[in-house]
Structure formats: structure tokens, C-alpha cells
Amino acid sequence: MKLGPERARGLSTVWPALAGAAQAASIAMPGSGQAQGWLQVLSLAALAAGLVSLARHTPSVRAPYRQAAWSGGVFATTWLAGSFWWLYVSMHDVGGLPAPLAALAVCALAGALALYYAAASAAWLVLARGALVQKPGAVSVLFAALWTLAELMRGRWLTGFPWGAGGYAHVDGVLSVWAPWVGVYGMGALAAWLAMRLALSGWRLRALKPLLGLGLVSWGLQAWGPSFTTSAGVGQVALLQANISQSAKFDPASGIRDALQWYDAQLRANQQPLVVAPETAIPLLPRHLPEGYWSGLQAHFAQPGRPVALVGVPLGSLDEGYSNSVVALGPQGVAPYRYDKSHLVPFGEFIPPGFAWFIRMMNIPLGDFKSGGWNQASLAWQGQRLAPNVCYEDLFGEELAIRFKNPQQAPTALVNVSNIAWFGDTLAVDQHLNISRMRAMELGRPMLRATNTGATAIIDHQGRVTHQLSRFTRGSLTGSFEGRHGLTPFARWASAWGLAPLWALCCAVVAWAFWRRQRP
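If you're matching positions, the sequence shown starts at 0 in numbering that gives the first Met the number 0 and goes up one per residue.
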């Protein structure tokens, strides 16, 4: 059977595009917001099937490596654009960028990041040819290694943008048990291996063997696997959500005045031992606030018997630089405490060289912030150690793991303060919630999420949402959380070496495949 040019073009364009759209939906399904791991594996298997077809019929296909790269690129472009299409909302609806230019910017970003996956697809075809029948297990491992390298490059190079990584589709389901062992990228590697095994089997019953094998191991880990952490005690918290739209947030006559009044009243009225206000809940530098506002809050919480407040606020000056910060308000011994955001968002918190013209086209109050240190101290509170992170930072589990280098000083709970109002009522809210759930599972810690518009939630150390406030409403979420001591395997190896073990393992697999191909 020969693969004709018409069918080859269809396999390299239409099918990968549909599969990429399914991959995007698997991260957080439209309507429910739930992750669907089975759909992620099947969608990636569809791409893998196209690559297998090219490998088996290469003599009848013109420029097979180019077609493989095209298939992988189309798949990834559709997947990535479908995952973060809501960037259009921030650029057009909030920033006022013309709609065609905003849509083009989203597609250009997706297309640029898709180059990693295009290269991975072509490299797999080069290295796997001739080994499909003799070594199906080996070429499946090779595909997993190459695909994971593409994920790692996207997640780390050029400041990294790993939003929508395939592993997030498995925050629920069979592969979720692997999160504390191998993290989100390792889970993505397992899914890629399964996808290629399905493709190589031709979707026949023999594909059930690896599926059943991995399923049994996963079930065994879930049922009898070790518990890596122990209780550090239960705490009570109130998480504030003002629900101020991004278009009004920096308007002095509406958003700023509303935020200052509401947060002041809520912080002062709080009865819980800990209260958390989201990212830039106080939207002005302290010296620009109404006279007595900031000092009044500090004096209120400094009184004996008062709770502790964690509040998002910008800090700094033109001379020392500005930071996106979280500060603690409380009695002596708790305050002063300050956390400065470390991993800044390109175009949002710093302007990459050569792109000032693009920022000037949007009516958004952006600036160049300075980055905080990677291993900042946690806040000591009632026997717990609370480790703040700001919005986008919880996308980088390997960076949060740095704080676990010293097990005696490791955080017992994580606190994420976010403002997702930039992206409106979109799937970004559900996707970010699943990202926080993944961090809780990887590191074995609860995650307390205080957001401007949602999802404000309490997540336990197993990634389960125990409390959640209705989205796009104004209110306070109160509940309990259990801090944890002890380190997961992921926390141990990622705190010591970052993602280097995954890089090394994947590179070793690719090097071995290249060496085998060069042998006579």
C-alpha cells in the first residue's frame, strides 16, 4: 500500500489540526473546565499515527521529514493557540489592540512555540525509520523523550511559557498518581509513550498490554504507595475576592477607589487567624495611597490578638526599582515580611528588548519590574511556614521546589495570589486552577488561592479542591487547610537539580537512538 500525495497532505495538515484542537480541550474542557487525560493521550496518538504512517511509507512520500515537521507544527500550533487563545482578551478587550493584530499575535506566539514540536516530530522520523517493527518499545520511548524535550524547551527557554503542557490534562485520572514522583513533565512523557504505543499497534487489542501494565502500576501506587508527608497542623484562612474588572482596576474614579474601600473593610472585619488578599489587591504604591490608609492598616494588624494578613501590593521606587509583592501585616515577629515575585511575565511585567513599540500600542499600565530572589523565606505563622507565589509563578514547579532544598525550613503550605481578570470569563480560570492543583500534588502541599475574579479556592496536598468561591462574584472564602511536613520525590530531586534529570534522561535516549542508527 502506497501513501499517495493527496493522502499525505491530508495526514500532515487536517488530521493534526483536529488532533491539536482536541489536545487543547483536554487541558480544561469547555463548559466543565475539567481535565481529560484520556483525550490528551488519544489526540497525541492521532499525531503519532500520522508519523508512523509516514515512517512506514517513506519511499512513496516526497520530503517525508518536511511533512513530519509540518504535521507536528500544525498539531502544536492548533493545540497551543487553543490553550491560550484568551491572550486575545487581554490584548484586545483590555488593551485596545486592534482585533486582527491581537489575533495575529496569539497565532504568531503559538506558531513560534510549535517549532519545538515540529523539530521533535522530524527528528523522530529520522531516528525511528526501520525500527518500527523490530523495536516498537524503543521507538515509543524515543518519541516520549523527543516530545518531552520539546516541552522542556518551551517551558524553560526564553523565560519559558509552559501553559497548556500535556501533563496538566492528567491532574485527574490514572496518571495523576505519578505527580509527586515525576512532576508534570514526567507525566507528559508517560502520556507520549502511551500515545506512540497506541499508534504503533494500529489501535488493535495488543495496545491494551502497555495500557493495562501502566494502569496496574498506577493503581498499585495509589492503593499501597508510600505517604511522603505528615500533618503540620490545621489552619483557618479567609481568602478575599473583590471581582474588579481589569478595565476598571486602574481607573481612579471607579476601580481604585472601589478596591481601596472594599479591601480595607474586609481586612479590618476579618475574624479568621489568616486573611489573604490577591495580587495587587492594593493597586497603588503605599506612598501614593490616601494619607493614613497604609499606616492605618499596619497599625490595625499590629495590635495584639489581631490576625495576620497577606496582601498583594506593588512596592519600590524609580531608583530602587519596582516589584510585584506580597507583604504581611501583623504584630512584631510576623511583620515586616515581604515576598517579591521572581518569575516575571514577558510583556506584562517586563518588556523584552525591541518590543517597546508593541507595548505602546496597548493601553495597559505595564512597567518593568525587578525580579525577587529564587529562594525567599517563608512566612512563619502558627507553626506553619507559608510560601507565597504570585499568579504565573505557580506554572513553574521546579522553581517553587527550590524552597524545599532545606527540609527543615521547607514550606508547609503554598499561597498563590493572582489576578486573572486580564483574561475575562474564559477557560484561563479553569486552566490556572488545574495548574495550582498540579503544584499541590507535585510538592505535597496545600495551595491557598486568593484571586481577583476566580478561582479563589483551597486545595489540599493531594490536589483536591476542598473549598471554592463562586467565580466573578465578590466575597470572602473561609475554610481550613492542613499544612504538611516531609518531601515528595519530586520535591527532593527538583529542589536539588531542577529539571536537569529529565533533560539528561531524554538527551541520553536521543543520543542512544542516534548511535544505534549510525551503526552498520
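Every residue gets a Cβ at the ideal spot worked out from N, C-alpha and C, and that includes glycine.
All values derive from a computational prediction rather than experimental measurement.
Please return the same chain residues whose Cβ sits closer than 7 Å to the Cβ of residue i, not counting the five positions on each side in sequence.
| i | result |
| --- | --- |
| Ser494 | Ala400, Ile401, Phe403 and Lys404 |
| Asp318 | none |
| Ala512 | Leu126 and Leu141 |
| Trp502 | Leu151 |
| Leu394 | Pro161, Trp162 and Ile434 |
| Ala109 | Thr76, Leu79 and Ala80 |
| Trp84 | Val105 |
| Ser120 | Leu50, Ala67, Ala68, Ser70 and Gly71 |
| Ser246 | Val93 |
| Ala507 | none |
So who's on the other strand from residue i, going by DSSP bridges?
| i | result |
| --- | --- |
| Asn374 | Looking at the DSSP assignment, Asn374 forms no beta bridge with any residue, so it has no partner. |
| Gly320 | Ser316 |
| Gly380 | The sequence as given places Trp at residue 380; Gly does not occur at that position. Gln383. |
| Gly154 | DSSP lists no partner for Gly154. |
| Gln467 | Ala456 |
| Tyr336 | Ala327 |
| Arg483 | Ser230 |
| Ala495 | Looking at the DSSP assignment, Ala495 forms no beta bridge with any residue, so it has no partner. |
| Val181 | Its beta-bridge partners do not exist; DSSP assigns none. |
| Gln235 | Ser479 |
| Asn405 | DSSP lists no partner for Asn405. |
| Ser417 | Thr450 |
| Val275 | Leu238 and Leu309 |
| Gly474 | Gln240 |
Beta-carbon separation of residue i and residue j under 8 Å?
| i | j | result |
| --- | --- | --- |
| Arg15 | Gly36 | It is Pro, not Arg, that sits at residue 15 in the sequence shown. No, the pair does not count as a contact, with Cβ atoms beyond the cut-off. |
| Gln66 | Leu46 | no |
| Arg436 | Thr411 | no |
| Ser82 | Gly163 | yes |
| Val310 | Leu328 | yes |
| Thr452 | Asn242 | yes |
| Tyr116 | Ala75 | yes |
| Leu189 | Leu215 | no |
| Leu210 | Leu193 | yes |
| Gly443 | His460 | yes |
| Pro387 | Val414 | yes |
| Pro179 | Glu441 | yes |
| Leu426 | Pro161 | no |
| Leu79 | Leu112 | yes |
| Ala191 | Trp146 | yes |
| Ala409 | Leu432 | no |
| Val389 | Val325 | yes |
| Phe368 | Tyr292 | no |
| Ser341 | Glu290 | no |
| Ala21 | Leu38 | yes |
| Gln381 | Pro272 | yes |
| Gly396 | Gly182 | yes |
| His91 | Ala101 | yes |
| Pro277 | Asn418 | yes |
| Leu296 | Asp339 | no |
| Asp429 | Gly165 | no |
Please look up how many angstroms separate the CB atoms of residue i and residue j, rounded, as I've assumed it's under 8 Å.
| i | j | result |
| --- | --- | --- |
| Tyr64 | Leu124 | 6 Å |
| Val275 | Leu447 | 6 Å |
| Gly462 | Val170 | 6 Å |
| Gly19 | Val73 | 7 Å |
| Ala34 | Tyr167 | 6 Å |
| Ser475 | Leu266 | That belief does not hold up - the Cβ atoms of Ser475 and Leu266 are roughly 10 Å apart, past 8 Å. |
Using a Cβ-Cβ cut-off of 6 Å (strictly less than) and excluding sequence neighbours within five positions of residue i, which residues of its own chain qualify?
| i | result |
| --- | --- |
| Glu554 | Absent from the structure is residue 554, since the part of the chain shown begins at 0 and ends at 519. |
| Ala301 | Pro330 |
| Tyr336 | Ala327 and Leu378 |
| Ala499 | none |
| Leu148 | Cys505 |
| Val173 | Gly214 and Ser217 |
| Gly485 | Phe227, Thr228 and Thr229 |
| Ala490 | Ala400, Phe403 and Leu442 |
| Ser42 | Ala18, Ala21 and Gln22 |
| Val464 | Ala456 and Ile458 |
| Ser175 | His169 |
Excluding sequence positions up to five away, which residues of its chain have a Cβ less than 8 Å from the Cβ of residue i?
| i | result |
| --- | --- |
| Ser469 | Gly453 |
| Arg473 | Gln240, Ala241, Asn242 and Trp261 |
| Ala564 | The structure shown has nothing for residue 564, since the chain only spans 0 to 519. |
| Pro225 | none |
| Val509 | Ala122, Leu126, Leu141, Ala144, Leu145 and Leu148 |
Against chain B, with Cβ distances strictly below 8 Å, would residue i count as a contact?
| i | result |
| --- | --- |
| Ala510 | Here there is only one protein chain, and chain B is not present. |
### Message
Taking contact to mean 3 or more Cβ pairs, one atom from each stretch, closer than 8 Å, check whether the stretch 481-494 and the stretch 250-262 are in contact.
### Response
No: the two stretches stay apart, fewer than three of their Cβ pairs being nearer than 8 Å.
### Query
Using 8 Å as the Cβ pair cut-off and three pairs as the minimum, do the stretch 370-383 and the stretch 422-429 touch?
The stretch 370-383 makes no contact with the stretch 422-429: fewer than 3 CB pairs, one atom from each, lie closer than 8 Å.
### Task
Decide yes or no for the touch test of the stretch 93-100 against the stretch 19-26: beta carbon pairs closer than 8 Å, at least 3 of them.
no
### Task
Report yes or no: do three or more beta-carbon pairs, one from the stretch 147-157 and one from the stretch 192-209, lie closer than 8 Å?
no
### Meets three-Cβ-pair contact criterion under 8 Å: the stretch 193-203 and the stretch 450-465
no
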